[in-house]
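In order, the protein sequences belong to chains Z and U. Going by this note's numbering, the first residue of the first sequence is number 1, and it counts up by one from there. Going by this note's numbering, the first residue of the second sequence is number 1001, and it counts up by one from there.
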Amino acid sequence: GNSVTQMEGPVTLSEEAFLTINCTYTATGYPSLFWYVQYPGEGLQLLLKATKADDKGSNKGFEATYRKETTSFHLEKGSVQVSDSAVYFCALSDRIGYGKLTFGQGTILTVHP
Amino acid sequence: DAGVIQSPRHEVTEMGQEVTLRCKPISGHNSLFWYRQTMMRGLELLIYFNNNVPIDDSGMPEDRFSAKMPNASFSTLKIQPSEPRDSAVYFCASQNEIMEPQHFGDGTRLSIL
């Protein structure tokens, strides 16, 4: 079956530091890959997506590249801000069936001034 | 455009009581998902509807849980009787096409005493 594995958190950084959150996946088909972000007390919001190998998703300074050869979709940001503090979820959607989302366990990011 | 709307935002009740959670999906979206989020198990898909029809309810924990979608603009998730282990945040999400991102509501935080 499908699965998503994220690096364990929590991750604590100082403002303007470089961020990497690792994500690897196992899928039976050719999935689409997503990063969702959850701010305290809110639902998940789509941060970025990639639908095929070598695609790069980007939004709000965050980037992730769909690497089929390493089955990875690592999230990066060059300079984090305090407002980036949140929980980040990697997810995949498989074309087989109805495109059910499989989520990683989430990574808590805290950015200090 | 209004996003996915869930009610209530918070619910506290005693075990044994019936609990009803409500969701209004984004207009025009034909898929609806109910998720449960806990610290121990992360995000779990409970049930998926397409065009108001339940397609996959394999994630519904037990017979105490039931979900309905009487029309395209409304869904309910009911727990009867409720138990303390049902305490969690319940999210509703909607989607307009398979493989497109899901849009989440802000969730209902449920506490069963």
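Note that beta-carbon positions come from the ideal geometry of N, C-alpha and C, so glycine has one too.
Is it buried or exposed, residue i, if we count other Cβ atoms within 10 angstroms and call 16 or more buried?
| i | result |
| --- | --- |
| D94 (chain Z) | buried |
| I1055 (chain U) | exposed |
| S1082 (chain U) | buried |
| L1113 (chain U) | exposed |
| K77 (chain Z) | buried |
| A1002 (chain U) | exposed |
| R1041 (chain U) | exposed |
| A1088 (chain U) | buried |
| A1067 (chain U) | buried |
| P1101 (chain U) | buried |
| V82 (chain Z) | exposed |
| M1039 (chain U) | exposed |
| G136 (chain Z) | This structure gives no information on residue 136 (chain Z), because the portion of chain Z shown stretches from 1 to 113. |
| T102 (chain Z) | buried |
| Y1090 (chain U) | buried |
| Y1048 (chain U) | buried |
Given a cut-off of 8 Å on the beta-carbon distance, is the pair residue i and residue j in contact?
| i | j | result |
| --- | --- | --- |
| L48 (chain Z) | S58 (chain Z) | yes |
| F1104 (chain U) | G43 (chain Z) | yes |
| I108 (chain Z) | P10 (chain Z) | yes |
| L75 (chain Z) | A91 (chain Z) | no |
| V111 (chain Z) | Q38 (chain Z) | no |
| F89 (chain Z) | Y36 (chain Z) | yes |
| V1004 (chain U) | K1024 (chain U) | yes |
| R1009 (chain U) | D1086 (chain U) | no |
| D84 (chain Z) | Y66 (chain Z) | no |
| L1110 (chain U) | E1011 (chain U) | yes |
| A1072 (chain U) | F1033 (chain U) | no |
| Q1037 (chain U) | T1108 (chain U) | no |
Assuming residue i contacts residue j under a Cβ cut-off of 8 Å, what Cβ separation, rounded to an integer in Å, is found between them?
| i | j | result |
| --- | --- | --- |
| Q1080 (chain U) | S1031 (chain U) | About 26 Å separates the two Cβ atoms, so there is no contact after all. |
| T24 (chain Z) | T71 (chain Z) | 6 Å |
| L1046 (chain U) | G1059 (chain U) | 5 Å |
| K68 (chain Z) | A53 (chain Z) | 4 Å |
| Q6 (chain Z) | N22 (chain Z) | 7 Å |
| G104 (chain Z) | V4 (chain Z) | 4 Å |
| S79 (chain Z) | E16 (chain Z) | 5 Å |
According to DSSP, what are the bridge partners of residue i?
| i | result |
| --- | --- |
| A50 (chain Z) | Z:L33 |
| Y1035 (chain U) | U:L1045 and U:F1091 |
| G57 (chain Z) | Z:A64 |
| E15 (chain Z) | BP columns for E15 (chain Z) are empty, so no partner. |
| S1111 (chain U) | U:V1012 |
| K100 (chain Z) | According to DSSP, K100 (chain Z) bridges with nothing at all. |
| N1071 (chain U) | U:F1074 |
| V87 (chain Z) | Z:Q38 and Z:I108 |
| S93 (chain Z) | Z:S32 and Z:L101 |
**Asked** Between the region 1045 to 1065 of chain U and chain Z, which residues of the former have CB atoms less than 8 Å from a CB of the latter, in chain order?
**Response** L1045, Y1048, N1050, I1055 and D1056
**Against chain U: residues of the region 12 to 43 of chain Z by CB proximity under 7 Å** = S32, F34, E42 and G43
**Prompt:** When you check each C-beta in the region 68 to 86 of chain Z against every C-beta of chain U, which residues fall closer than 7 Å?
**Reply:** none
**Prompt:** Listed in chain order, which residues of the region 1018 to 1047 of chain U have Cβ atoms closer than 7 Å to some Cβ of chain Z?
**Reply:** G1042, L1043 and L1045
**Message:** Short of 9 Å Cβ to Cβ, which residues in the region 1091 to 1104 of chain U face chain Z?
**Reply:** F1091, C1092, A1093, Q1095, E1097, I1098, M1099, E1100, P1101, Q1102, H1103 and F1104
**Item:** Residues of the region 45 to 71 of chain Z whose Cβ lies closer than 8 Å to any Cβ of chain U, in chain order
**Value:** Q45, L46, K49 and T51
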